[in-house]
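Below is one structure, written out as structure tokens, with a few remarks after it.
There are 8 protein chains.
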Amino acid sequence: MDPSQLARLLDQFREGKLDRDQVLSQLARLPFEDLGFARLDHHRALRKGFPEVIFAGGKTAEQTRVIFEKIAMRSDRVLATHASPETADAVSRSLPEVRYHPQSRCLALDRRPDEKRIGNVLVVCAGTSDLPVAEEAAVTAHLMGAEVHQINDAGVAGIHRLLSETQALQEARVLVVVAGMEGALPSVVAGLVSVPVVAVPTSVGYGASFGGVAALLAMLNSCASGISVVNIDNGFGAGYQAALINRLGAP
Amino acid sequence: MDPSQLARLLDQFREGKLDRDQVLSQLARLPFEDLGFARLDHHRALRKGFPEVIFAGGKTAEQTRVIFEKIAMRSDRVLATHASPETADAVSRSLPEVRYHPQSRCLALDRRPDEKRIGNVLVVCAGTSDLPVAEEAAVTAHLMGAEVHQINDAGVAGIHRLLSETQALQEARVLVVVAGMEGALPSVVAGLVSVPVVAVPTSVGYGASFGGVAALLAMLNSCASGISVVNIDNGFGAGYQAALINRLGAP
Amino acid sequence: MDPSQLARLLDQFREGKLDRDQVLSQLARLPFEDLGFARLDHHRALRKGFPEVIFAGGKTAEQTRVIFEKIAMRSDRVLATHASPETADAVSRSLPEVRYHPQSRCLALDRRPDEKRIGNVLVVCAGTSDLPVAEEAAVTAHLMGAEVHQINDAGVAGIHRLLSETQALQEARVLVVVAGMEGALPSVVAGLVSVPVVAVPTSVGYGASFGGVAALLAMLNSCASGISVVNIDNGFGAGYQAALINRLGAP
Amino acid sequence: MDPSQLARLLDQFREGKLDRDQVLSQLARLPFEDLGFARLDHHRALRKGFPEVIFAGGKTAEQTRVIFEKIAMRSDRVLATHASPETADAVSRSLPEVRYHPQSRCLALDRRPDEKRIGNVLVVCAGTSDLPVAEEAAVTAHLMGAEVHQINDAGVAGIHRLLSETQALQEARVLVVVAGMEGALPSVVAGLVSVPVVAVPTSVGYGASFGGVAALLAMLNSCASGISVVNIDNGFGAGYQAALINRLGAP
Amino acid sequence: MDPSQLARLLDQFREGKLDRDQVLSQLARLPFEDLGFARLDHHRALRKGFPEVIFAGGKTAEQTRVIFEKIAMRSDRVLATHASPETADAVSRSLPEVRYHPQSRCLALDRRPDEKRIGNVLVVCAGTSDLPVAEEAAVTAHLMGAEVHQINDAGVAGIHRLLSETQALQEARVLVVVAGMEGALPSVVAGLVSVPVVAVPTSVGYGASFGGVAALLAMLNSCASGISVVNIDNGFGAGYQAALINRLGAP
Amino acid sequence: MDPSQLARLLDQFREGKLDRDQVLSQLARLPFEDLGFARLDHHRALRKGFPEVIFAGGKTAEQTRVIFEKIAMRSDRVLATHASPETADAVSRSLPEVRYHPQSRCLALDRRPDEKRIGNVLVVCAGTSDLPVAEEAAVTAHLMGAEVHQINDAGVAGIHRLLSETQALQEARVLVVVAGMEGALPSVVAGLVSVPVVAVPTSVGYGASFGGVAALLAMLNSCASGISVVNIDNGFGAGYQAALINRLGAP
Amino acid sequence: MDPSQLARLLDQFREGKLDRDQVLSQLARLPFEDLGFARLDHHRALRKGFPEVIFAGGKTAEQTRVIFEKIAMRSDRVLATHASPETADAVSRSLPEVRYHPQSRCLALDRRPDEKRIGNVLVVCAGTSDLPVAEEAAVTAHLMGAEVHQINDAGVAGIHRLLSETQALQEARVLVVVAGMEGALPSVVAGLVSVPVVAVPTSVGYGASFGGVAALLAMLNSCASGISVVNIDNGFGAGYQAALINRLGAP
Amino acid sequence: MDPSQLARLLDQFREGKLDRDQVLSQLARLPFEDLGFARLDHHRALRKGFPEVIFAGGKTAEQTRVIFEKIAMRSDRVLATHASPETADAVSRSLPEVRYHPQSRCLALDRRPDEKRIGNVLVVCAGTSDLPVAEEAAVTAHLMGAEVHQINDAGVAGIHRLLSETQALQEARVLVVVAGMEGALPSVVAGLVSVPVVAVPTSVGYGASFGGVAALLAMLNSCASGISVVNIDNGFGAGYQAALINRLGAP
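Note that the protein sequences, when read in sequence, are chains A, B, C, D, E, F, G and H.
Here the first sequence is numbered in this note's numbering, starting from 1 and rising by one per residue.
Here the second sequence is numbered in this note's numbering, starting from 252 and rising by one per residue.
Here the third sequence is numbered in this note's numbering, starting from 503 and rising by one per residue.
Here the fourth sequence is numbered in this note's numbering, starting from 754 and rising by one per residue.
Here the fifth sequence is numbered in this note's numbering, starting from 1005 and rising by one per residue.
Here the sixth sequence is numbered in this note's numbering, starting from 1256 and rising by one per residue.
Here the seventh sequence is numbered in this note's numbering, starting from 1507 and rising by one per residue.
Here the eighth sequence is numbered in this note's numbering, starting from 1758 and rising by one per residue.
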């Protein structure tokens, strides 16, 4: 039942075709979205500034293309993550303005590329092998409207490289900190800043890194305050969360 | 070497007692805090609006009392977590204005209790057994200056109880969502709001809950966007992170 | 807003005090239970034939007593699991008709004890140490209206003891099979019957049983069809599920 | 020794060729199936309405073809799971009426396709990536004689999509609920219905989903009653269990 | 149905009171033990030379006493493992000839203590903390009729202590090797002998020994041939298995 | 220093070229094998009746061929496990009498194939997918001189198939029991026999079988006595251990 | 056979009572220590500068006292770890010069307390809760003859506290770095120095620290070179290893 | 700001262009390396005797070539680990003097190959499958200036092979001990020597070796003193640590 059906229900009631109990009874059984819930959801999508994101990982190039186009019909910004080069080709044939980021395998459509970005999301990355995840976070936050900066290759074993960036760290509104192996970077960074840090463990490492578990546990057990954590290799999730935080009260 | 020592160094240089190379050489070996770093750190503490928090868990009542008093000399707000009733007694003998929260075992000193709180941190809790962790989050965020509200006992198995609070959920600036067992609540909540959710798994459960691991994994793998996670039972960490987020741009 | 409020809203609409758009707008923001959803939930409780069950594990005797009495006001049957003897004493002082099962630590109120039980739930148990969990399942299913039988001490290392019960196994409508250690019993039982088996791993064992994990994994990996599994030591959950299954089409 | 041998034994006894002790001695050493146990087993297969199912996963196309044909000689319905397209080709060359479901990789023979299905098994699925497992459950239950319906893409992060299906959920006799990632869907569904839910965790996810372990643990720790769980990705097992439950007392 | 019932059945058949089909039908439904299976089991107990062993761990002193006495009525040798001193007192009041081994907490009755032991079971133990488990193995094997010897405190970090016992190692028919921490001893021992080694990991250790898991994994992955493993701390199981092996062809 | 060197040392001593202290000093520094230890090891190889076994898994066909030939120069029986068809080809070009078992990937040379085998090793196997591991055990034990029999496809979900083999089970001197998935077969078998059972978990299964861990844990936690366990998929180790046991006192 | 026996053997040979072959044969069967191996071991103990260390954890006060005294008869320095206050009392009654360290529960006897310590072992500690483990390392290394220094409470979340100690860090010959929770400190320290770091994870933490596993994994996966790791809470092992390293070439 | 900028700052101060407070304020905000920290780091690289090592694992041949050449411009010794043959080809085209070690996949440039190596690092290896990791350790330590020796194939199951090398073991200044499977070798070796042992678990094994976890746990739980451990398969890390230790006080 769409809103017009609901309107009709009210009309029938006012016209005396249904009595009050009949209306109440029908309302009680309404699917929720019929009561404007879908609109609410629609509002939420608008507010979040971002439609559903496509996880292209388990989809064929063709499947992703179809979904991508469908979302592109009602949205100026579309994001597919884990997109292969083949998928990028397929989508860009019909939507030539998409941009493919091969390192992070993000495929992004942005029809308002010159729109002013807000706030300051800083993505910090421990090693070069962590760059794909860091880029996924950066692309996501940028597409969601955030001003994004990146500091790369700032591992804790060469702490002076990180400390030389103290000013940039302290100017950010929110930080995404990406690290594999021992996952120590978020602890050090959070000790240097007074804003929220979203930590992303990566699967970079071998042996007892257990595909990122070592880094994940380190981040969950950080001795620094002001850190929360997303799933292993979940650059998208961190970028999304950072963009939500960055938007709070941003000028 | 404190700043006055640094000043003296410069004076000696200007007076010709040291040449430039000697000054450079000494600067290169300076401990970092001598260059204002300690002040910087002090600034950071001020900005964070919160001094070091005492983890009373592994300390005697007497040890906690000493530390608590020392911090109370230079701060209007002090927090000790995991404080036993004995610890609370010991501290309150010398600082009668502290308040003890027996459920969450938080011991808090707030000399500006009437100060206006800012923003809107909402702490949502799945079951009554999760309340101690939820309260720890709420006490922490409140002491850090946030306006805090709580919704309790809103487990996903009775989804209507949660849905009936939709308005409160959507009015928050940031949410802390606390759940044990299957840890599903953050996923449902994050689907209803457009602001950041900080998820806290608790050790509530038995058997294959593995002391909160089941809930932790569920939260890390949430299909909803806008969730980041803290350690099991870490109500303090979530409240701290939420307070940092809430402060961004709050009026 | 309760139903009477909803009725008033409709009255105001029919009386012209609100126009259709105003009504639609208010409906869209209604908390869900205001639309009869709460009643629906009430209906569900009636249909399940069982009110909320009290997990007395993390509660004081007094807390459990209060909740138990409250449920007993609107229900003929009440169940608390993981109840200590002290809790049993506290509740039985005000509700002398409750019955305490010390082995399974179930505390049950049944004001219709002579009511005819339906169907045939058979609870099979591998070793004597598994009996508390088996009894929890049996008490739960019985209180929910099922005819319940038990076979105890039928471990797979003495397979003839189990086989001598083949007839009883094959007469059941649904079986609860409880086992610790290697958890092999459900596989053997499910091979002998053509009805659903609900398997319950227990924490009985030591060393590499890892508190029931060995039995849990065995049951999840059963080579027999027709088995589903509940959490370690979750006799209540198995009894509940068996009672739901048993009720389907039972005469 | 087949039944005719047993008959011969009795004949020899009545004819005086064997005395009573000789018969007793031979009976005591009989393999069990000689005493009608094999028939019993045959009866069980008939009652279960389903012969042995072929797990084609670790078999060559040729091996599966041979077994498939052998079962098809004595049964109207045959199912092979985890069948590759090559296997499907091999089997369909000799049994052209088989139907291959490429998504779930089920290969099914049904010589009574128009037979009336009974009851109402509802298969609910969290995300599109979970569809292969959901389809395996649906195909299995259908082949075993159940009326089957499906609801797809009803993840908990968009709870209104699920709630809009409340009526369908409440009309089912038994539900199979399939979910990967955080595995929260069964908890929400079980809170909306009063019949058994068979939960299937899937390996959909990455990082800390650990190949479905996160979803499995969530389902085992559900705060909702009336849930039992099968192995990760075991759509067949869930469909089988649901069909057994559905058959109980179905008209 | 006991054998006499079976005899009666045959009599009724010969007397024409039952026809052949009726006999066949009844035989098909016989519980298995009715066919002498129970006697078979009795024979098995005799052959194993040992009745059921009592795991006193989860039982009260009184419960253990009752079972112990019951077995002692029909057996000259009885063993209870994991028996507390209280249990030992309770049992020895009625059976003064029992012997309690406080280190391994074994309680043993042996009415034929002077009977010649056979073969040669050697129990080797890595450290003094492993002694309780080693003694449990030794007491078990001895009670089951084996000649048992022990070598204690032969850890691999002082390999010469072990090598100085080479002759004793090579004279054994079967060895039980007990070790905690890194569990390396069985590998070294099995390299020195040409008979079977039964390895027992113990929970001795801390930190990353994970309650014996480190030792268990080491033993399962031994580079030496001729090793099989029992559960952590399962001295009884190892002694039992060694006694079975030792008995094979022992003079 | 070889024995002749040792003899020379003694000669020099007797001839007065070295005094006693010099001899003692040199003896104290001797490598161990110089004192006959190597001969001892040689004796051990003879006694075990089997030279070093080649794990061809991580070797090239050429590497395996070289080692195989070298052992074949001094031994009538040689075994390589985990050998690929290419390796089998390479070896059989120079040693045409080797026999390749493609299912278990064993490559065996036996120059005394008609030699009488001793004892009775029975290899029991739960499902057809476990056959490669079972065959590896059988080939190993046979090559080591044991009479070997096999029972295949005797899973616990069809217990009558196993029970019909009771006589064969009870005639064995030692059993190897191979099972994947829930690993329950050894428990049932050990309850039927009075001789040692060597249990082999296999990696057959999926999801929560965790590559054989479920079966391994089940076997370690067996409620039956007389079971010891080898590593996952270690058919060779079980066959070797069974052959050692079988040889004890075999006629 | 002790050395005097060996001398006697040689004498008998020179006197012609044994011929050369008889001597060779006896030598081949000698237990290893008879050939000076025990002396070698004695030498090793001397070189390591430390006799066997007593792990008092699983021993009674009386047992520890007896062993302690026995070692004290032949050694100037004795160490017992994990000693309770009761144990300390028992030992100090007979050896009043022992010193008890209550925080680390080390009990040490040092009869040459004024002996010059060598080298420079620096023990760095992340948080106050890690102090007991750090002290155990320091006491051990000191007793083994090392000059030991300590830096406490230098967690990575306040990196400036660590950096202000750069000079002390760079003056050490070897460092022991102790940390719980996320275990990040060794990575940062190893990046600042050019000597070996021995890392000690502690069980300090809760929830997903899993009793020190998080810290252990972090240290094993360090991105810094020059780190090796000991078991969780193994301060003794780290102190011992550091003392061995420190002794290499120390003046 | 480089040192010359710092010099300029001082000049401006002496010339009166900046007052003392302005200088202090600027110094307080300086990036750390501007104060000579970078030089310090440069010194550290020189002291360690080794530039940054290239982990070629996740890089293309071209990427590795570029980095390799860059380091080769300022260093006489360069090491890349995990280098494929293709990478080796690419680098050797421009730097023909590099040497590729195919077994360990190390690619090394050494422009001072004839320089005298110092000390004595002994790399001991349990089985032939562990050789690649052992070689990686040896190549690393050698390139860092250590005299390196190797003992291969000295597994604990043939302990005499190890004991025959006692002299070599005791002549080393530091040992790297490499083992997979049960990882017992370091315990035995550390019992024979009085110098530090760096233990390296390898992923050699199958089943319950869990990719090297069994060996890792064994090494962490060693009953021998003087062992510290690196990550699974981390031959580089062990060689590096051994070279650091070996350099201490080496002549």
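We put the CB at the ideal spot given by N, CA and C, even for glycine.
{"Asked": "Would you say isoleucine 159 of chain A reaches chain G, if we count a Cβ-Cβ gap shorter than 9 angstroms as a contact?", "Found": "yes"}
{"Asked": "With H, G and I counted as helix, E and B as strand and the rest as coil, what does DSSP make of leucine 1546 of chain G?", "Found": "Residue placement at leucine 1546 of chain G is poorly supported in this model, since its pLDDT is 34, which falls under 50; the coordinates are not used for a value here."}
{"Asked": "At a CB-CB cut-off below 8 angstroms, which residues of chain D make contact with serine 560 of chain C?", "Found": "Note that residue 560 of chain C is glycine in the sequence shown, not serine. Within 8 angstroms Cβ-Cβ: nothing; glycine 560 of chain C doesn't reach chain D, min ~13 angstroms."}
{"Asked": "If you measure beta-carbon to beta-carbon, which residues of the stretch 1341 to 1375 of chain F are closer than 9 angstroms to chain E?", "Found": "Gly1374"}
{"Asked": "Is glutamate 588 of chain C buried or exposed, if buried means 16 or more other CB atoms sit within 10 Å of its CB?", "Found": "exposed"}
{"Asked": "Mind checking glycine 538 of chain C: buried by the 16 CB within 10 Å criterion, or exposed?", "Found": "Confidence at glycine 538 of chain C is low in this model, with a pLDDT of 31, below 50, so the placement of that residue should be treated as unreliable; the coordinate-derived value is given next. The residue in question, glycine 538 of chain C, is buried, as its Cβ has 16 or more Cβ neighbours within 10 Å."}
{"Asked": "Can you tell me whether glutamate 62 of chain A is buried or exposed, with buried defined as 16 or more other CB within 10 angstroms of its CB?", "Found": "exposed"}
{"Asked": "Checking contacts by CB at 9 angstroms: is proline 1692 of chain G closer than that to chain H?", "Found": "no"}
{"Asked": "Rounded to a whole number of angstroms, what is the C-alpha to C-alpha distance between valine 1931 of chain H and arginine 2004 of chain H?", "Found": "10 angstroms"}
{"Asked": "Going residue by residue through the stretch 92 to 179 of chain A, where are the continuous beta strand (DSSP E) segments of at least 3 residues, counting only ones entirely within it?", "Found": "99 to 101, 106 to 110, 118 to 125, 146 to 151, 174 to 179"}
{"Asked": "Counting contacts by CB-CB distance shorter than 9 angstroms, is serine 1590 of chain G in contact with chain B?", "Found": "no"}
{"Asked": "Under 7 angstroms between beta-carbons, which chain F residues line up against isoleucine 1058 of chain E? List them in chain order, please.", "Found": "In chain order: nothing, as chain F lies at least about 12 angstroms away."}
{"Asked": "Does DSSP classify isoleucine 227 of chain A as helix, strand or coil?", "Found": "strand"}
{"Asked": "Looking at chain J, which residues of the stretch 228 to 239 of chain A have a Cβ within less than 8 angstroms of any of its Cβ atoms?", "Found": "Going by chain labels, chain J is absent from the structure shown, which instead holds the protein chains A, B, C, D, E, F, G and H."}
{"Asked": "Expressed to the nearest angstrom, what Euclidean distance is found between the alpha-carbon atoms of aspartate 1266 of chain F and glutamine 1518 of chain G?", "Found": "14 angstroms"}
{"Asked": "Closest by CA to alanine 72 of chain A, which one among A:Gly211, A:Val213, A:Asp110, A:Gln150?", "Found": "A:Asp110"}
{"Asked": "I think leucine 1974 of chain H touches proline 1702 of chain G, with their Cβ atoms under 8 angstroms apart; what is that distance to the nearest whole Å?", "Found": "Not quite, the Cβ-Cβ distance comes to about 23 angstroms (not below 8 angstroms), so this is no contact."}
{"Asked": "Which residues in chain C sit within 7 angstroms of glycine 1216 of chain E, going by Cβ to Cβ distance?", "Found": "Gly709"}
{"Asked": "When you compare the CB of proline 954 of chain D with every CB in chain F, is at least one pair closer than 9 angstroms?", "Found": "yes"}
{"Asked": "Which residue's Cα is closest to the Cα of proline 1608 of chain G: G:His1588, G:Leu1698, G:His1666?", "Found": "G:His1588"}
{"Asked": "Can you check whether the CB of valine 909 of chain D is closer than 9 angstroms to the CB of serine 445 of chain B?", "Found": "no"}
{"Asked": "Check the Cβ-Cβ distances between leucine 1265 of chain F and every residue of chain G, and say whether any is below 9 angstroms.", "Found": "yes"}
{"Asked": "Which residues does DSSP list as the beta-bridge partners of valine 1584 of chain G?", "Found": "G:Leu1615"}
{"Asked": "Quick one: is serine 1600 of chain G buried, meaning 16 or more other Cβ sit within 10 Å of its Cβ, or exposed?", "Found": "exposed"}
{"Asked": "Using three-state DSSP, classify glutamate 1288 of chain F as helix, strand or coil.", "Found": "Annotation note: pLDDT 34 at glutamate 1288 of chain F (below 50); position unreliable, coordinate value reported separately. Helix."}
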